[in-house]
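Chemist: The structure under discussion is supplied below as C-alpha cells; questions concerning it will follow.
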Amino acid sequence: MMSNIMRESHIMKIHYLTALVAVGFVIIHIMIRFTHGSFANSLEFESVIANYESIPYAIVLEAMLILISVHGFNGLRIILLELKQGNAYENAVTYGCLAAMIALIAYGSRTIIMATMGMVEA
Amino acid sequence: MTKGGALPKGFERPSSSPSQEKYEKVKPSSKTTTLRISKFNPESDSTSTFSEFKVHYQRWTTVLDAILEVKSNYDHSIGVRYSCRQATCGSCGMIINGKPKLACFTKISELDSDSVTVEPMNNFPIIRDLAVGFERLIETHKRIKPYIIRDDSEVTSETKEFLQSPEDVEKYIQFAGCIKCGLCNSACPTMATDSSFVGPQALAQAYRYVADNRDKGKDERLKIIDEPHGIWRCHFAGSCSQVCPKGVDPAMGIQLLRGYLLGYRK
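In order, the protein sequence lines correspond to chains A and B.
Mind the numbering: the first sequence is residues 1 to 122 in our numbering, read in order.
Mind the numbering: the second sequence is residues 123 to 388 in our numbering, read in order.
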C-alpha cells in the first residue's frame, strides 16, 4: 500500500498544497492570456504553438500540468477508495492512479518540451 | 390500537368505564398518530416491511413510549433495544421520520407530523427490526485507545493528583459527553460508502483524549487515525454534529484533530 511509503497526512498536505499553488498558476495563466495577444484567437494552432516559445510561460504551463495532475489523480484515488474497499482493489487503485499520473505528466511534458524546442511546426 | 401512554400525577384512569366522555376528560391533550415500524429479520426476510399502528399520545409521550406500548399490547415480536429512557445509555438510537434520533429523547408532539416512521439506524447491520449491531462502532472506539495513556498513575502514593485548570478541561469536556449511541455514525455519508472508515464517533473520542493535557498518547493516536480510511476521509458534511443528542460536535473535533496532523496545532 501507498500508506507504507507515505503517511496519509503527507499525501493530503501535498493534495492541499498542489490545489493552492495551482490556483496561483492558473491566475497567472489567465492574466497572460488577457494581456498578450488576442484572447479570441488564443486556441488557434499557431497561437498555441507560439505560447511555448516563451520559456517562462512554458514553465508556468509545465507547473500547472504537474500540480493539477498530482492533485487530480490523488482526488480520483480518494474517490475510488471510498467507493469500494479491499486490499487488492485498494492497491490497484493506488498504483493505477500513480501510474496514470506519471504517464500523463510524461506525455504532457514531452509535448511542452517539443513545442518549446521548435520541434512542432506551425 | 387506541391505548394511551402513562398519565401524569393528578390524572387517573377511571376504574370503571361509565362513559367514554369521562375517560376523555382525564386525557385532555390526547391525540392519535400512526406509528410505522420497520420490520426486518435478516434470517428470514429479503426486504424490510412496515407495520402500522394507531397510537394515542400525550404532549410528553416519547417515540420509545409508543413503541413499547405497541410491543406490550399488539406486537410482542418487535425488536428494539432500550435501557435508561433518559438519553444516557445510548441504546435506543433509530431513524425517526428520516432523521437519526434517540427514541427516548424524541417526543411525538415535537415531530410535527401526522405519522411517525421508525427505522433502524443506517450504516449498521440490522439484528432485527429496530435493533442494530454495534460491533464496528465498538471496534473503532477501542482502536483509538479511549483512555488516558501515561506511564505514571495518580493512584499511587508517590504521585499527586493530575490537576487541570478549567481552561484545560474546556478543551475536551464537550467530547466527553459521548454516550456511544451511534447516531453520528448513522448520519455520516462517508460511513455509508466506506466500510473501513473510522467514523465520527471514534474520531471525536480520539480528539477528546488528544486534547486532554493529562494524556501522553497523542502520537500513538494520531498514527492510528492517519491512514487511508482514517481522518482524511471526512468531508465535513457536518451531519454527525447535527444529530448528536448530547451536544457533542464531532465535525469540529475532526477539524481540530487535523490541525495536529497538518502541524498547525501542537
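Every residue gets a Cβ at the ideal spot worked out from N, C-alpha and C, and that includes glycine.
Contact criterion: CB-CB distance below 8 Å. Does S9/A meet it with respect to chain B?
Modeler: Chain B contact via Cβ: present.
Chemist: Could one say the Cβ of L20/A lies closer than 8 Å to chain B's Cβ atoms, at least one of them?
Modeler: It does not: the Cβ of L20/A has no partner Cβ on chain B nearer than 8 Å.
Chemist: I'd like the list of long-range same chain contacts for Y294/B, defined as Cβ closer than 7 Å, with 5 residues on each side in sequence excluded.
Modeler: Cβ within range, chain order: R330, A333 and D334.
Chemist: Ignore the nearest five residues each way along the sequence and tell me which others in S235/B's own chain have a CB closer than 7 Å to its CB.
Modeler: Within the same chain, S235/B has close Cβ partners N219.
Chemist: With DSSP as the reference, label F73/A as helix, strand or coil.
Modeler: Helix at F73/A.
Chemist: Which same chain residues, not among the five before or five after L61/A, have their C-beta less than 8 Å away from its C-beta?
Modeler: Excluding residues within five positions, the ones whose Cβ falls inside 8 Å are H29, N51, Y52 and I112.
Chemist: At a CB-CB cut-off below 7 Å, which residues of chain D make contact with G352/B?
Modeler: Considering every chain present, this structure includes no chain D. Its protein chains are A and B.
Chemist: Can you tell me where the alpha helix (DSSP H) with K345/B in it begins and where it stops?
Modeler: K340 to I347 is the span of the alpha helix (DSSP H), which, as asked, contains K345/B.
Chemist: Given P367/B, which residues of its chain have a CB within under 6 Å of its CB, disregarding the five upstream and five downstream residues?
Modeler: Only A209, L224 and F227 meet the Cβ criterion.
Chemist: Which same chain residues end up closer than 8 Å to K388/B when comparing Cβ atoms and leaving out the 5 residues on each side of it in sequence?
Modeler: The answer, listed in chain order, is Y382.
Chemist: For a cutoff of 8 Å on Cβ pairs, would you count M12/A as touching chain B?
Modeler: Answer yes: the Cβ-Cβ gap between M12/A and chain B drops below 8 Å somewhere.
Chemist: Classify L379/B: buried if its beta carbon has 16 or more other beta carbons within 10 angstroms, exposed otherwise.
Modeler: So L379/B counts as buried.
Chemist: Within its chain, find whatever has a CB closer than 7 Å to the CB of G201/B; leave out the 5 residues flanking it on each side and keep chain order.
Modeler: I249, R250, D251, L252 and A253, listed in sequence order.
Chemist: Three or more beta-carbon pairs under 8 Å between the region 321 to 328 of chain B and the region 160 to 172 of chain B, yes or no?
Modeler: Cβ pair count under 8 Å is below three, so no.
Chemist: At least one CB of chain A closer than 8 Å to the CB of R355/B: is that the case?
Modeler: Answer yes: the Cβ-Cβ gap between R355/B and chain A drops below 8 Å somewhere.
Chemist: Give the DSSP bridge partners of H178/B, in chain order.
Modeler: The partner list for H178/B (beta bridge, DSSP) reads T154/B.
Chemist: Using CA atoms only, rank isn't needed, just tell me which of V365/B, E283/B and P242/B is closest to N163/B.
Modeler: Answer by Cα proximity: P242/B.
Chemist: How many Å lie between R110/A and Y95/A at the Cα?
Modeler: Whole-angstrom Cα-Cα distance: 22 Å.
Chemist: Can you list, in chain order, the residues of the region 56 to 82 of chain A whose Cβ is nearer than 8 Å to any Cβ on chain B?
Modeler: Listed by position along the chain: I78, L81 and E82.
Chemist: Which residues does DSSP list as the beta-bridge partners of I200/B?
Modeler: According to DSSP, I200/B bridges with nothing at all.
Chemist: Report the option in M31/A, I66/A, G24/A and F34/A whose CA atom is closest to the CA atom of S107/A.
Modeler: Note that residue 107/A corresponds to Tyr in the displayed sequence, not to Ser. That would be I66/A, whose Cα lies nearest to the Cα of Y107/A.
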